[in-house]
Every structure is written in structure tokens, then in C-alpha cells.
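Chains as they are written, first to last, in the working numbering: chain A, 1 to 208; chain B, 1 to 1042. A virtual CB, placed ideally from N, CA and C, is assigned to each residue, including glycine. Let me begin by presenting the structure, written as C-alpha cells, before commenting on it.
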Amino acid sequence: MCTGRVDLAFILRAFSNGADGVLVVGCWPGECHYLTEGNYGALSMTHLCRKLLDYIGVNPERLGLEWVSASEGSRFAEVVNDFAKKVKDLGPFGNAENGLKMKLEAVDNLLPYIKLVEREKLRVRFKTEEEYNEFFTSDEIDRIFQEVIVNKLEISRIMRLLREKPLSTGEISGLLGVTPSEASKHLGSLARQGLIRFDESLKRFVPA
Amino acid sequence: MEREPVEEQFFSSPEGGNFGDVMVVGGGISGIQAALDLATAEFKVYLVEKAPTIGGKMAQLDKTFPTNDCSMCIESPKFIECARHPNIEILTYTEVDTVKGEAGNFKVKLIKKPRYIKEDKCTGCTTCVEFCPVRVRDPYNQDLSLNKAIHIYFSQAVPLVTYIDPESCLYLQGEKCSICAGVCKNKAIDLHQEEEEIEVEVGAIILAPGYEVFDPKLKGDYGYGNFENVVTSLEFERLLCATGPFEGEILRPSDKKHPHNIAWIHCVGSRRVTPGDNSYCSAVCCTYTQKQVILTKDHDAEAECTVFHNDIRSYGKDFERFYQRAENLPGVRFIRSYVSIGREVKESKNLTIKYSTPKDGVKEEEFDLVVLSVGLNPPADFKSLANKFGIELDAHGFCKTNPLNAMETSRRGIFVSGAFQGPLDIPESVVTASGAGSLCGQILGYRRGKLDKEREYPPERTVSGEEPRVGVFVCHCGANIGRVVNVPSVVEYASTLDNVVHAQESIFACSTDNAQQIADTIREKRLNRVVVAACTPRTHEPLFRDTLREGGINPYFFEMANIREQCSWVHSKEKEDATRKAKEIVCMSVARSALLEPLQEFELPVDKRALVVGGGLAGMTGAMSLAEQGFEVYLVEKDTNLGGTARRIYYTLEGMDVQAYLRDVIRKVYHHPSIHVVTDATITEASGYVGNFVTKVKSGRTAKEIHHGVTIIATGAEEYKPTEYLYGKEDGVLTQLELEEKINKREEKLISSKTVVMIQCVGCRQQDRNYCSRVCCSQAIKNALKLKEINPHMDLYVLFRDMRTYGFKEDYYREASEKDVKFIRYEPDDKPQVEAVEEEGRRVLRVTVTDDILGKKLQIDADAVALAAAVIPSAGTQEISRLFKVALNPDGFFQEAHVKLRPVDFAAEGVFLCGTAHYPKHISETISQAYGAAGRAVTILTKDSVIASGAICEVNESDCVSCGACISVCTYGAIEFVDTPRGKKARVNPVLCKGDGLCNSRCPTGAISLKHFTDEEVFCEIDAALHSPVEFPAINKVGIAD
């Protein structure tokens, strides 16, 4: 098994369970034991996951990725100590970042879609880590992330909220932390797709 | 290959008798490789080592060049492989006494020295070491640190048992002490043990005794022995190493302070004709020095490193780049100068070194530490070795070998591998080991498999439908775990976990009797899952999986919890926390184990035929060796004739007649009933996998489909066609191969020349071909000596950058120099100039070169100029790389699976490599490598089937949405779309899948999953890690995944 096997879902699962930090450790780039060079895959995955965490309000620093070869025992100890210290400084996960479990679940539900988007739009293969950093922090990627993933996530979260109880546009924008006009845009498109409807008696949206 | 197989003799295997096929003498990396290859090829092997453990010199190295891999990390898994191989019997602390008999029937008397320990009782717990009152210098650390009179040679030793140094043990010296015997719980200590005689009968012997390091103390070279801060390179290697005397801190002997200004002196004991020195070049020192410089800079970025050298001999694959890497580090100087030690500075114990350069004249500089790059000597007991084995030695005390087959000694049935052949590096030691193995196979083919042992296991119990019944075994690992982790408390905790029906502790879960007990418990308590909380699965998972099979359940029901490396070793000062962590780790493993499923390792049939691509000397030698061992071989050659580049070589430096040899080999290849030669061949398609390849070959109008189990790539190399130095414009400018042809024809114009100039490094050691072509220096010397022999009055000049006549070739360099061949060194930025001019009515080639020593430009009017044109990858290399899916290195030569330990294997299983397709090399080296590739290939061909791991991917077709995400990431090409009634679905070819699981994490629907590491299994571990019912203190939780 390779770092490339580390699924986005594993990381979300750990955070959902209350982990304060997740550290992925793998072979150095260029030293993958497999032809598939899955560690580059792990690098991409980590970048994407950090963006997702950031979006739902989790400090992306809580997800670490480090390269340690099998012969670097002392480096491994250093890396783990440093990461543990960093996470301690960030404080416990649950208290500071409330209401996250639901957001994590929303992301988790969207994973099949995110994986398809990753393959279509975000699959890159560079030689150096710098190139990955540059790519994943570019405006273009921000735009794609916003348009393709964030919108979907918001819609998915609206659906989850509505399944719990009927809500108005104002309530949804408050719960989601988006502007009322954005919320109303999403609600409009969901209604057009026949997924929700406006219940006149409740004056709120409900699942169709 | 010219030898006939040994007559089939009466052959039986008496129960309990010491009867084997091959004895390998020497348990260093070469002996280990030979033993493993032969044992896998179904021969019974006795591996005899005089030290208390196998491992040899490689186990003492910190890192290995040119990749700076950790030496022990790559070697020690081979120790365990040897220890576990049913066909290998390891005899350590044992020496050969006498050898009688002949090839096919040797009787060897061995003396097993008393280690005062019952090997079968000792568990390696080292309690005795702790209590032993006597401190001795530690031979593993070159006497730089102390150990106890009873100790384990090093912590990865195989066998992992102690031995007692009789010279320092109080009891054995007649004093009162037997503390060790008192504290040993297993009663493993036997202070009255005596030397034991063992008789072993074998059919062949491989000598792999290795080398001895040159000892500068004998003559006090550079003040070694007098000045504390002068150390040998092997001592420095130990200083660098984390398992060394100062745990990887470089501290100098005099004051245990970090040296910042370090000098290395090259060629200590080598390349000298003074008595006590060696005339040859030790071949490895240049590059190991560069490695030590790089590692020193890793330890201390501010260190100043100065290397005093003669020629820099970076003649191996990737050595040139490695040299540049060292040279370009800040604070590193390479100075070409002979040196002497000035004095030791009284207060600081620093040393001064005197040296001189053409530019600055004589200088004296002060250094904190001086490292002597000592050379390689023959093994210390080379004379008695020769006597015992009845073999001849060469002038240097190394084994005398057949000039064209470096593995053959003067005695039939006794082969030699590794550095007893002469100075060799690790990959060459490994190659010659596999090669010697192949030669053993050639004479012992008739008895292959007769002593082969296979383990027998009880039938596997079906547990489907049963509730999980988990057994947990928590190991103390002597004191390794037990001293830190409260093992009974972990056991108690484990017994409270869901599904656990049995929990117990053991001192050493891996000891033979404990493993047996685990197997018994599986049966008695009807366990269907086993968790062992101990050390690392890297070394011990195979053992415990085996134990499960012994207990009658599927080996994949085993789960290992690492509470040593990942717990007790890193938290030795936090005992309570460590105990809690151990419980969490056990909780994760128990949770995961409930989901484990039985997996089948499946067997694939092996097609016993081989394909050899390339009909040069490498390909033919490999094909012959395979055919002689009874395998059918297809030998395909793109040219009309066999022979390759060797057709253009007439004699070797050592004087062998290459053409006669080549004719003989070609004849034998054509006549061999098992070799099918296809010439004018083009390979159009190659598919399949280990054991089952299919290759399509076209020759003229006929096309053939060859089915084969292994492939050897031996496509050779070519000579670069120079554009430099008027080549192609003036008839007198030749390449060395062209020169050789003219010499061979005794071409009048050439042999009556007054002056011939040779220019080295044409087309390589430069930006676009950043490697050394390895053979050209010796080739120039060879042709220069030949010309001198034919016409002693001829003036010969060799214009060079570094003369790279490594190993014994150095002697010929000296001979040429003595015969007045003039050697002039030039700098790459001031290359020689060649112009054609008319001089006294005749056309001459005027060569202008700057002579640094004389400090002026020289003009030489030559009748001929011979260019050492680079060796370049052959034209079809890229195509072959594409067809057979094997990698090339940046220079366009084929890339082996591992530079050090798998030098003739490709990463693709079942495909092997030899000859100049790998890298430029001499004929004898090519032949060694060809035997090596054959030896490796035989390890597959002898098997009826190959075993593929059960932990591979599979597709749940009903969930597959045909998106192809998995296919696009699988560079193994293991996943394909297949048409099913429900449309196109991804399907995994289990043979090609390596189980990395990248596809699993990319599949949007979870349709493809990596067995043994499924999403559910990992989720379950994550959940358990974060919700284990262990009392959590108020610290943060950090999940770790790999």
C-alpha cells in the first residue's frame, strides 16, 4: 500500500471522529516503491483536501504531508514531534471549529463528484513540489474550485439542512454563511431541478 | 561454458546427514546473494561464515554510493530471507578446515568455533549483555567504541544470538564470573561449549570470502597509529553511521569534538609499488570518498572538506554525476596532489598536510581530522584459503580466475564471487554471485530440486460464517518492549476488547517455541484472527503469517501491531503514555482484524523457455548458461550475424584472443540443441508478464510468436561517431576500435608511424553525455602497448583527463608508462587542438596540448590520432524500452531495479539485463553480468509456478461506472475495460497488480478496492484510534496514516 492509497475519505473520517490533526507520511518524490508514483497523487490529494478543509472552516494546517524514507528514523521522529506541536498550538479541533461535523459530512457525501472533478480538472503531474504549490494556489484553480466544487457543496449542504427541517432563504444564508442572494440562486436552481419546493403554508423551502 | 556437466553420480539424501548441493563460503552480500539465488533455484545451500553473523563488510557501511541508500536497511532484509529459506542452512562462526573430493562430490570439514551460547536457546534478549561486567572494544565499530565480552555482533545480526569473546570473558580466562549464565532465563549459556567438527558433502563450492581493508598501521602511513586524528575511511564510515560509536555524530578521536575541517587522502595502500603496498587500484575508494564528503556535509553543512587525489576514477554507472555532486558542494575542494603529513599540532592535535599544485607550488595546511581512503586487500588468510581449497592465486593474492570468466577458479567445481576476484564494488559482487550460482547450476543440473525442501502445512480451516474470534499476543521482546510498556496491562486491556477470546503475553513471540505455541492456540481456541503486538511487519509479518498457516487458518487473518519501533523505542522515557499508546495501537489492530478476509495467493504457471534479446557476447553467454541448465532459449539478434561489438575487438588488455573465443561461442550457440537463433530479427510486439510473456518477432518474411517465462535484454551499445578533432575529414584520425582493426591487420602505414597520439574522453564526460565510458582508458593502454610491441620506436602520447585504469588494469598503465608511452593531462576547458599541416613534404596531424606540469603548450606532429570515442546506447534501445516496459536512465542506458542489490533485474518482474545495454563495460565484466542475468532468470524458470500476492485490487462490477479513473492512474497497466452484458467494466489483471491502491483512492464510486486494505478496514482502524476505550487524558489527538 502506498500514500497514493490515502483516500480523501480517510482524512475526513479522522476529522469527523474528532482528530485534531492528520499527518500523511510517505516516500520522497522520485523514490516511490511503485511504478505508479502514488506519492505525487498524495501530494495533489493533500492540496485539494486542504482547500476543502479551508472552505469548511478547518485550519488546513491540521492536515500535514511529509516525506520520510524508510531509513530516516530520526527524521520521522522529528516530523511527528513538530506536527504534534503545531497541532497542540492550534488547539483542540472540536471546540474552536464548531458545527464542523455536518460540514465534513457534506464534503464526504460529495466525494464521488469531487473525485470526478479532480480527474477532469485538477489532475496534474509535475516534477517538483513547488510546481504543485504554484498550481494549487493559482487563480485559475481557485476559480475552478469555487465554480465546480464550492457551489456543489453549498447545494449539498442546503439539501441536508432542508431534510432536517423547512427553512427560509434568510435562515439558510445564515446557516451556510453565504449571502442571501447566493442562497437564493442555489435554491432557485434546486427548485427548477424539482429537488425542493417552496411550501406556501410554512413560508419555507422543503424537499420535493 | 566450455565445461561439460559433472557425471551423474549415485545420489541419495540420508536423513539427518549433512548433504547439500552447494557450499557458499563467506556470508557477505556476495555470499548471501549466491545462497539466495541457488536456494530459490531449488538447490540445498550451506552458507558458511566465520564471523558470528552474516552481513560482511556491507553491514558496516553507513550508506552506499551513488544513491546514498542506507546500507544496513537494504542488506538486512536479505539476512532474514536467508534465515527463513528452507533450502539454506546458515553456519556462522564457522570456518572451513579441509576440502576433499572433486566437482560433484566435495567433502568439506568445517570447524564451528564455540560461541559459548546454545544458538537454539538464545532469544537475543541481551539481558546477559546488560549484566556482563567486562567491556571490550567493539569490532563492529572498528574498535572505536566499547561493547561487552558477551554481545550480539550488531542488532540486525542473523542469527540474532550472542557470542562470548573468549579473550576477555572472565570465566574463560579462569576467573570467577558466570553472571551471564545466572541471568539467562532460557539457560542458553554454555561456558563449557567446545569447538565442533561438521562434515558436509556438496557438489560445488562458491568462495565469497570478500576482502580485507588495507591496514595503514603496518607502515604507519600518514602517521596512522601515532596521530589520534588520522583515521581510516572504514573508521570514518562507522563515525558517520547512526549505529556507530557516537550514534551518528562525527566526533574526532582525540577530544570527541566535531571536526570542521576534514581532509581525505586517496590511494592509501593502492597504486604504489613500494613494499607493503598494492600496485593495483582498489576501484572503490574514489567514489566512497565522495560519498563520505556528501554525508559529512549532510551532518554539518558548514564543514570544510578537502580531498587530495590522483586521478578521479568515476568509471561506474552514475559515478560521474556523483563526483560532480560532491565537488559542487560549498566548502568542498578536490586537489590533485601527492601529499605528506607535516606534523601534529601539539595543543589541538590537528594535523598539517603538505601538498603542491602546479599553480601554487608547495603549501602546508592544517586540518582537524585526516581520513585515509584505504584500499582493498585480499582476505587476510588468502594463502591458507588457497591451500584448503586447492586453488591458485594471482600475483596480488586474490583468486586466480579464468580471464574471460571471472567466476571460474583453477579448480573445477569451485567458483568465486565478490571481491576475492579483485577489487569490486557491491553491485559487481552481487552480479558475480548470481553468475557463480548459474555456473553451479550448469554442473549440478542433474540434482536440482532433489534436496529442495518445501514446507508442508495443515489444511486450511474454512472460517466463513464464524464470528470473529481474535487472539492477541503481546510481546515483551526481551526488554525492548517490556521495559517501557506495561505488557500485562496491555494484555488485560486487550482481553476486554470486542471479539477477543484469548490474550496473552510472551517474552519473544517470534522465537521458535512461541511461534509453535501460537499455532497450537489457534487450533485449541479455534481462533480465526490473530493480532501480534510486537515489532515491525517489515521483518516479522512473513514469519507470523507462516505461523497462521501452521495453525490451519488463512495467513491474511494476521494483523501486526507495532508497539516497539512506533512505541517503546520512541517513548522510552514516558512509560505510562507508552503503555496507553500500546493499548490504542492494539485496539486499532483488533478492530481491523475483525474485517480481515481470507485471501488466496494464487499460482501462475511458468513457461520454462527464455527469450534473450541481443546476440552479442552478453546475450550468447546468457543463452548458453540457460541452455546448459536445461532450459530452452530463443536468441534474437537484429543483425545478420551473432557477435555484436565483440566482432570488432581482437584482443583484451590481458592478452586474450577475442576472435577465437567469439568464434567458439558462436559455434556452440548454433550447435546447442536448446538454443533457437533468430537473426535479422525485429521485435514487433511484446506482452504478458512474469512466467507468461508473448513476444512477436519478424525475420525476413517469417513472423514468429515466442512464448517465454523470462526475458533477458542484452542489446549492447555502440561507438560514438565523433565530430571532433577532424574525424571523418582526415584519414589519420581514427576511433580506438578502428585503430584496433588496423593494428590487427598490421596495416603498414600505421605500424610504421613515427608518432601516434591518443585523445581520451571524446564525446562523453561532457554536458550532453554526462558519464564516463569506462572502457576507453584501458582500451588506449591496450592499443598503445600493442603498438609498442610491434614497433618499439614509435612515439606514443595519451592525452587524458583522468586515467581510469581501475582494479588490476592499473598494472598495465604502469607498464605503458615504463615503456615510455607519454601521458599528458588536459583540462576539459582547454581541450587539445588537431590540425592537418604539411611538414617537410608530408601531411601530418599537428596536435597542440597544454602540459600543466611543464606549464607550456606542446606541439606534437602525429601520423595518426586515435580518439577514445564514447560508448553510447545502441540505436534500438528506446524501442526495446517501450516494448518491454523497462526504464532507461538519463543517459539512455537501461535502468536496473536497484543499483546495488538488483543490478541485473528490471523493476518489471521476470525481465533481466546484462552487458553494455546496462552501461559500458569490459568483455570479462559483460560475461560476468551475462552469467548473473542467467542465474537470476533461473530462479524463476526452475519454478513450476510463481506466486502472486493476495493483497491486490478487485472491481465490484455492479458499482463500476466505466469512468476509467482507475485505468488512467495504473502505470502497471493492470486494469483494462472488458465488455460485459452490463456494458464496459474495469477489470484487474491480478498478475500485473502490485497492490499500491492508487486506483482505490481515485475511484469515485468505491467500485475498485484494494484487498487487505479496504476502505472499511481503514475506516475501522481510524474509528478505533480515535474512540478506543482507553482513558484519554486532555491531550490532542493526531492521526497518522501511511
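With a contact defined as Cβ atoms closer than 8 Å, Ile114 of chain A and Ile149 of chain A qualify at about 6 Å.
By the rule that beta-carbons nearer than 9 Å mark a contact, Thr128 of chain A does not touch chain B. At a cut-off of 9 Å, the C-beta of Cys1003 of chain B has a neighbouring C-beta in chain A. DSSP places Tyr651 of chain B within a strand segment (E or B) once states are collapsed to three. At a beta-carbon threshold of 8 Å, none of the residues of chain A lie near Leu36 of chain B; the nearest stands roughly 20 Å away. Beta-bridge annotation (DSSP): Pro873 of chain B is paired with B:Ala717.
Residue-level contact by beta carbon holds for Ile1022 of chain B and chain A, with a gap shorter than 9 Å. Put simply, of B:Gly644, B:Ala917, B:Val606 and B:Tyr972 the residue whose alpha carbon is nearest the alpha carbon of Phe631 of chain B is B:Val606. Interface criterion met: the Cβ of Ala14 of chain A is under 9 Å from a Cβ in chain B. Within the model, the alpha-carbon separation for Leu635 of chain B versus Ala149 of chain B is close to 58 Å. Taking all protein chains in view, the Cβ of Lys745 of chain B is surrounded by fewer than 16 other Cβ atoms within 10 Å, so the residue is classified as exposed. Neighbours of Met102 of chain A in chain B, taken as residues at a C-beta separation under 8 Å, are lacking, since the least C-beta distance is about 18 Å. Per the DSSP secondary-structure output, Glu89 of chain B pairs in a beta bridge with B:Tyr46. Classified as buried, His151 of chain B has 16 or more neighbouring CB atoms from the shown chains inside 10 Å of its CB. Where Leu36 of chain B is concerned, the enclosing alpha helix (DSSP H) starts and stops at Ile29 to Thr40. Taking each of B:Ala41, B:Ala436, B:Val430 and B:Asp69 in turn and checking the Cα distance to Glu454 of chain B, the smallest one comes out for B:Ala41. The beta carbon of Lys44 of chain B sits closer than 6 Å to the beta carbons of Gly20, Asp21, Asn87 and Leu451 from its chain, once the five residues preceding and following it are set aside; these are given in chain order. Within the same chain, and ignoring the five residues on either side of Glu95 of chain B in sequence, the residues whose Cβ sits closer than 8 Å to its Cβ are Val48, Lys50, Leu110, Ile111 and Lys113.
Under DSSP, the beta-bridge partners assigned to Phe415 of chain B are B:Ile206 and B:Glu408. DSSP, read as helix, strand or coil, puts Asp199 of chain A in strand.
Along the stretch 418-462 of chain B, the alpha helix (DSSP H) occurs as fully enclosed runs of 4 or more residues at 426-444, listed in sequence order. C-alpha of Phe246 of chain B to C-alpha of Leu734 of chain B: approximately 56 Å in a straight line. By the rule that beta-carbons nearer than 9 Å mark a contact, Asn109 of chain A does not touch chain B. Around the C-beta of Leu596 of chain B, 16 or more other C-beta atoms lie within 10 Å, and the residue is accordingly described as buried. Put simply, of A:Ala14, A:Tyr55, A:Ala42 and A:Gly64 the residue whose alpha carbon is nearest the alpha carbon of Gln146 of chain A is A:Tyr55. Contact holds between the stretch 436-450 of chain B and the stretch 931-939 of chain B, because three or more Cβ pairs, one in each stretch, are under 8 Å apart.
Per DSSP, Tyr813 of chain B is one residue of the alpha helix (DSSP H) stretching across Glu810 to Glu818. DSSP places Asp657 of chain B outside any beta strand (DSSP E), giving it a letter other than H or E.
The residue among B:Arg982, B:Ala951, B:Ile940 and B:Val969 with its C-alpha nearest the C-alpha of Glu957 of chain B is B:Arg982. Interface residue (Cβ-Cβ distance to chain B less than 9 Å): Asn133 of chain A is not classified as such.
At least one C-beta of chain A is nearer than 9 Å to the C-beta of Cys963 of chain B. Taking a C-beta distance under 9 Å as the contact criterion, Ala862 of chain B and Val756 of chain B qualify as a contact pair. At a C-beta separation below 8 Å, Arg5 of chain A has these neighbours in chain B: Asp996, Gly997, Leu998, Asn1000, Ser1001, Leu1010 and Phe1013. CA-CA distance, Cys587 of chain B to Ser489 of chain B, rounds to 13 Å. Here the stretch 116-130 of chain B lies against the stretch 183-196 of chain B, with 3 or more beta-carbon pairs under 8 Å apart. In the DSSP assignment, the residues bridged to Asn147 of chain B are B:Val136.
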